[in-house]
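So the structure is just underneath, and the comments pick up after that.
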Amino acid sequence: MTTTLAPKAGRHCQGVLNPIHSTLYFSPDLDREFGALGFTDTSAMRLAARSAPLGAVGAGTVAATFYNYNHELLARHLPAVWETAPPAAVLDARLRTVDATLRRLLGEETVSSPEMAEAAVLALRAAEACTRHARPMYAANADLPVPEEPHLAYWHAATLLREHRGDGHLAALLSAGLDPVEALVSHTATGKGMAPRWVLGSRGWRRADWEAAGERLRERGILAEDGELTESGVRLRADLEDLTDRLDAAPYEHLGAAGTARLTELGRKLLITAAGAGAFPADLIGRG
121 MTTTLAPKAG RHCQGVLNPI HSTLYFSPDL DREFGALGFT DTSAMRLAAR SAPLGAVGAG
181 TVAATFYNYN HELLARHLPA VWETAPPAAV LDARLRTVDA TLRRLLGEET VSSPEMAEAA
241 VLALRAAEAC TRHARPMYAA NADLPVPEEP HLAYWHAATL LREHRGDGHL AALLSAGLDP
301 VEALVSHTAT GKGMAPRWVL GSRGWRRADW EAAGERLRER GILAEDGELT ESGVRLRADL
361 EDLTDRLDAA PYEHLGAAGT ARLTELGRKL LITAAGAGAF PADLIGRG
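Structure below.
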């Protein structure tokens, strides 16, 4: 396919957009807003916040669409969370959380800046080229209204683009024959994935599951004895990202080279500000 984009331009753009969506899950504002609805368990809050666009779904649907969560963890909370609060109430609380979180992390001046408005317009324009077929998480979020305020519209668009890429990435993981835990272990081995303690705590897997997945990857020649990726493992992860790039090319081709570069520039500044304000735990990423 002919492209005007620089190599990996869409991936780099997504790399600064995705974390802005994820600020939601590490925010103390989530505890406050969801606590007011009656939630007391952090896992239940996070699961409800992300899955609410799908409706009052059960553990099976979320296991399929989230891919790397332990079904046992999901079944402890779903569909019971919808008895605490229905999806519509959760979506309202989610947006209130995002509003409070971005105002706290970015500051009122940035939230109301022309750059924020520009970033929102560009991200929404990119999302115009996303497609619903075989992309359940994107499609569910795409049915939600676009918020009026630019910082909320930017978060909404970042969510659409994140879930669109994520849906495609699941197809790539399936094609590579990686099960949920193997996908997590191999990603962490790249040094770019979540540290094991964060994965195990949030995804519901046990240390024994992690070690068993590592052993399977070693048997396949993907992981070395020291836990590092082999040459085959590095190539596998690179091929996964390349396939994901191809499946996710349309939004950035639609936005064009200049628009994608500008959105990446604006998004990087916003992410640096948010990270500098403590948006993410210091030990979130890495092998440790």
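Just so we're aligned, residue 121 is where the sequence shown starts under my numbering, counting upward by one.
Note that CB positions come from ideal geometry on N, CA and C, so glycine has one too.
Being a predicted model, the structure only gives us computed values, none of them experimental.
Where DSSP assigns a beta bridge to residue i, which residues make up the other side?
i, result
"Gly314", "Looking at the sequence shown, residue 314 is not Gly but Met. DSSP lists Ile405 as partners of Met314."
"Leu349", "Leu343"
Is residue i helix, strand or coil when you go by DSSP?
i, result
"Leu356", "helix"
"Thr343", "Residue 343 is actually Leu in this sequence, not Thr. It is a strand residue."
"Tyr258", "helix"
"His276", "helix"
"Thr251", "coil"
"Ser306", "helix"
"Tyr187", "coil"
"Trp325", "coil"
"Asp362", "helix"
"Thr204", "helix"
"Ala156", "helix"
"Val301", "helix"
"Glu268", "coil"
"Ser163", "helix"
"Asp103", "Past the boundaries of the shown model lies residue 103; the chain is included only from 121 to 408, so the question cannot be answered."
"Gly178", "coil"
Return the CA-CA distance between residue i and residue j, expressed in angstroms with no decimal places.
i, j, result
"Leu386", "Ala240", "10 angstroms"
"Ile392", "Ser147", "16 angstroms"
"Glu283", "Ala344", "31 angstroms"
"Arg357", "Ala246", "26 angstroms"
"Thr124", "Thr380", "11 angstroms"
"Val266", "Tyr274", "9 angstroms"
"Thr384", "Ala369", "15 angstroms"
"Ala183", "Asp299", "12 angstroms"
Three or more C-beta pairs closer than 8 angstroms, one from the region 224–239 and one from the region 199–208: is that the case here? no
Do three or more CB pairs link the region 332–350 to the region 360–379 at distances below 8 angstroms? no
May I ask you to verify whether the region 239–257 touches the region 395–408, counting CB pairs closer than 8 angstroms and requiring at least 3? no
How about the region 267–282 and the region 292–299: do they share at least three Cβ pairs that are nearer than 8 angstroms? no
Can at least three beta-carbon pairs, one atom from the region 317–334 and one from the region 299–306, be found at a separation below 8 angstroms? yes
Segment contact flag, the region 152–159 with the region 207–217, C-beta cutoff 8 angstroms, min 3 pairs: yes
Would you say the region 175–190 touches the region 220–229, given that touching needs at least three Cβ pairs under 8 angstroms? no
Please determine if the region 155–170 and the region 397–405 are in contact, where contact requires at least 3 C-beta pairs separated by less than 8 angstroms. no
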